[in-house]
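Chemist: Each position in the sequence shown, counted from 1, maps to that position plus 32 in our numbering.
Backbone N, C-alpha and C define an ideal beta-carbon position, used for all residues, glycine too.
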Amino acid sequence: MRQLIAPNRRPITEALIDKKNVMSAVMLRDMRTRFFNHGLGFIVVPLWPLAHMGIIIMIHSYVHQVPAYGDNSAVFFMTGVLPFLAFSYVSRFMAFSLVTNQSMLAFPAVKISDILMGRAVLEIIASFITLIFMMTIFYISGIDPYPADLQSATLCYISMLYLAFGTGYFIGICSIITPLLLTFFQLFIILLYVSSGVFFSASNLPESITEYIAYNPITVCIEWFRSAYFESYSDKLVSAPYVVGFATILLLLGLTIEQTFARSLSDK
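1) State the Cα-Cα distance for the pair L284 and I164, rounded to the nearest angstrom.
2) Can you tell me whether I241 is buried or exposed? The criterion is at least 16 other CB atoms within 10 Å of its CB, across all chains shown.
3) Taking all protein chains shown into account, decide if A83 is buried (16 or more other Cβ within 10 angstroms of its Cβ) or exposed.
4) Please report the residue range of the alpha helix (DSSP H) in which M136 lies.
5) Which ranges does the alpha helix (DSSP H) cover as unbroken runs of at least 4 residues, wholly within the segment 135-209, from first to last along the chain?
6) Considering only their Cβ atoms, is the gap separating I250 from L224 smaller than 8 Å?
7) Could you tell me which of I209, E263, G86 sits nearest to A180, measuring between CA atoms?
8) Could you please give the first and the last residue of the uninterrupted alpha helix (DSSP H) stretch that includes G277?
9) Using a Cβ-Cβ cutoff of less than 6 Å, which residues in the same chain neighbour L79 once the five nearest sequence positions on both sides are dropped?
10) Can you name, in chain order, every residue of its own chain whose Cβ lies under 6 Å from the Cβ of I205, other than the five neighbours on each side?
11) Rounded to a whole number of angstroms, what is the C-alpha to C-alpha distance between T292 and P140?
12) With a 10 Å radius around its C-beta and 16 neighbouring C-beta atoms as the bar for buried, classify K52 as buried or exposed.
13) Given a cut-off of 8 Å, decide if A158 and F257 are closer than it, judged by their beta-carbon atoms.
14) Counting C-beta neighbours from all protein chains within 10 Å, is the total for K143 16 or more, i.e. buried, or is it exposed?
15) Hey, is the segment 170-180 in contact with the segment 260-278, meaning 3+ C-beta pairs nearer than 8 Å?
16) Label D146 either buried or exposed according to how many other C-beta atoms from any shown protein chain fall within 10 Å of its C-beta, with 16 as the threshold for buried.
17) Which of helix, strand or coil does DSSP assign to P51?
18) From A127, G174, V113, pick the residue whose C-alpha is nearest to that of L212; which is it?
19) Look up G229 in the DSSP assignment and say whether it is helix, strand or coil.
20) In three-state DSSP terms, what is L114?
21) Which class does E263 belong to by DSSP, given the choice of helix, strand or coil?
22) Measuring only the C-alpha atoms, how far is S173 from I49?
23) When the distance is taken between beta carbons, is V122 closer than 8 Å to I89?
24) Between the alpha carbons of M149 and M55, how many angstroms are there, rounded?
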């Protein structure tokens, strides 16, 4: 029995090691080429959305000194901006990774999934670093950065990253077939930015509107994040299974397209 099992295990182990080595090479190349042609340029990656977030929170907190919900405007806007930027940066840079690293597909060992997943790992790590920086800045500034329900907030943030991963994978695969899709995706993110509840409380809108925006998984995540921060915040739009299911469908669609047209996609 051992002689029959052992030969089957070795190729799987070797394949996983090869996959790890290829992804590591892709990640190192991304880290060197993204900023300053040096690995330390990766430090800038989490600082970019942090600066973006900080400017937005300061402007809106100054303009809207009375918070739409809660006791502090900065916390209210943070609960919208933080999860949205996590989605935006991870999904967008995943989608563009195949365009910027297409030359690597000339190597037989490098697969489309290696490039997409390599970039995803980097962006997700950066998003957690951004989160830590943001919480630290709030704490130093005398603003309580901790949610009322830490477990729910953590699950929400991870779900948003999973949604970003599924979206980035799907758009990245489709962009090889239709590169113009990347332009539309950029514009679509801007539309989502102003319509997903980043700067307003979606649950306070009339029922005739919320029944439609509830289909937007980003709005659901933002409302979920806010309900974790504010104990009395309405959770009528929150649906964790919907967010996870939506992300899974996009990921499966991306994987299906990749497997169906693997050879033709690699030759593009």
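Modeler: On the basis of the data shown:
1) C-alpha separation (whole angstroms): 31 Å.
2) I241 should be labelled exposed.
3) With fewer than 16 Cβ atoms within 10 Å of its Cβ, A83 is classed as exposed.
4) From DSSP, M136 is part of no alpha helix (DSSP H); its letter is neither H nor E.
5) Annotation: the segment 135-209 contains the following complete segments of the alpha helix (DSSP H) (minimum length 4 residues), in chain order: 144-172, 182-209.
6) Closer than 8 Å, so yes.
7) Comparing Cα positions, the closest option is E263.
8) Element bounds for G277: 272-292.
9) Excluding sequence neighbours, L79 sits near nothing in its chain.
10) These residues qualify, in order along the chain: G286, I289, E290.
11) Taking the straight line from one Cα to the other gives about 18 Å.
12) Exposed, since its Cβ has fewer than 16 Cβ neighbours within 10 Å.
13) Result no, Cβ atoms of F257 and A158 do not sit closer than 8 Å.
14) Buried: at least 16 other Cβ atoms inside 10 Å.
15) Touching, yes, given that three or more Cβ pairs across the two stretches are closer than 8 Å.
16) Answer is buried; the Cβ neighbour count reaches 16.
17) First, the amino acid is wrong: residue 51 is Lys here, not Pro. The answer is helix: DSSP assigns K51 an H, G or I state.
18) Looking at A127, G174, V113, the one whose alpha-carbon comes closest to that of L212 is A127.
19) In the displayed model, G229 falls within coil according to three-state DSSP, outside both helix and strand.
20) In the structure shown, L114 sits in a helix (DSSP, three-state: H, G or I).
21) The three-state reading of DSSP puts E263 in coil, since its state is none of H, G, I, E or B.
22) Their backbone Cα atoms lie some 45 Å apart in a straight line.
23) Against a cut-off of 8 Å, the Cβ pair of V122 and I89 comes out as no contact.
24) Taking C-alpha positions only, M149 is separated from M55 by approximately 7 Å.
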